[in-house]
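Mapping of the sequence shown onto the working numbering: residues 21 to 164, in sequence order.
Heads up, the thing below is written out as structure tokens.
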Amino acid sequence: MAYDTDNVFAQILEGKMPAHKVFENEHTFAFMDIMPVSVGHTLIIPKAEAENIFDLENEPGSEVFKTTKKIAHAIQASLKPTGLILTQLNGTDAGQTVFHYHMHIIPVYEKMPLRMHGKEVEDSDALAKTAKTIEQAVKDMDSG
Ligand code: 5GP
Numbered sequence: 021m022a023y024d025t026d027n028v029f030a031q032i033l034e035g036k037m038p039a040h041k042v043f044e045n046e047h048t049f050a051f052m053d054i055m056p057v058s059v060g061h062t063l064i065i066p067k068a069e070a071e072n073i074f075d076l077e078n079e080p081g082s083e084v085f086k087t088t089k090k091i092a093h094a095i096q097a098s099l100k101p102t103g104l105i106l107t108q109l110n111g112t113d114a115g116q117t118v119f120h121y122h123m124h125i126i127p128v129y130e131k132m133p134l135r136m137h138g139k140e141v142e143d144s145d146a147l148a149k150t151a152k153t154i155e156q157a158v159k160d161m162d163s164g
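Structural data, given as structure tokens:
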């Protein structure tokens, strides 16, 4: 399947759709998942067009991983989860629903079950608050 330039994450990158941003650099963009499975569920995407792992070039792939590590550390420092899951789905049969490559960072908290994937839209104020917390933790890390 050819990359669909109209997919929702492409629209977020172009500023045509709103998103709760936590971090951005030349190559990547990190923002809150609108239907989080846990508090702090964050998505990291390359700015380069790629639908999945198979058409993602090495360089943007490395940049996504670098940003993923940065945000994982910021989440760990600020939200204090007791565990953290990274997932990345490729293809409809794997459960991929948005066809712009993305890495999920899913914090896990003791005795707090994960919600269903992509089912319940979170309150915008709650997402904004969590995004601010993570964004500040990134700034603190970068300045410290
Ligand atoms: P996938 O199933 O493709 O791995 O994950 C896509 C993710 O994108 C889901 O977790 C879903 O909640 C999230 N998502 C879908 N539409 C939007 C949107 O418009 N904005 C944001 N921030 N996340 C979205």
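Backbone N, C-alpha and C fix where the C-beta goes; we use that ideal spot for every residue, glycine too.
{"Check": "Does DSSP put G22 in a helix, in a strand, or in coil?", "Outcome": "Residue 22 is actually Ala in this sequence, not Gly. Note: A22 maps to coil in three-state DSSP."}
{"Check": "In terms of residue numbering, what span does the alpha helix (DSSP H) encompassing V158 cover?", "Outcome": "S144 to S163"}
{"Check": "Is F51 near the ligand 5GP - that is, is its Cβ less than 7 Å away from at least one heavy atom of it?", "Outcome": "yes"}
{"Check": "Checking the sheet assignment: what are the DSSP bridge partners for L134?", "Outcome": "For L134, which the question treats as bridged, DSSP gives no partner whatsoever."}
{"Check": "Using a threshold of 8 Å, state whether the C-beta atoms of I126 and T107 are closer than that.", "Outcome": "yes"}
{"Check": "Within the present structure, is the beta-carbon of L109 separated from the nearest heavy atom of the ligand COA by less than 7 Å?", "Outcome": "As far as ligands go, the structure on display features the ligand 5GP and does not contain the ligand COA."}
{"Check": "Counting pairs of Cβ atoms below 8 Å between the stretch 59-77 and the stretch 107-126, do you hit three or more?", "Outcome": "yes"}
{"Check": "Contact between the stretch 23-43 and the stretch 140-151 is defined here as three or more beta-carbon pairs at a separation below 8 Å; is this criterion met?", "Outcome": "yes"}
{"Check": "Check each candidate in F49, T117 and Q156 and name the one with the smallest Cα separation from S35.", "Outcome": "The question names Ser, yet the displayed sequence has Gly at residue 35. When each option's Cα is compared against that of G35, the closest is F49."}
{"Check": "Between the alpha carbons of N72 and E46, how many angstroms are there, rounded?", "Outcome": "20 Å"}
{"Check": "Looking at the strands, I want to know which residues DSSP matches up with E44.", "Outcome": "F49"}
{"Check": "Hey, out of I32, G115 and D162, whose CA is closest to G138's CA?", "Outcome": "G115"}
{"Check": "Identify whether G103 lies in helix, strand or coil by the three-state DSSP scheme.", "Outcome": "strand"}
{"Check": "Could you give the first and the last residue of the continuous beta strand (DSSP E) run that contains V128?", "Outcome": "M123 to V128"}
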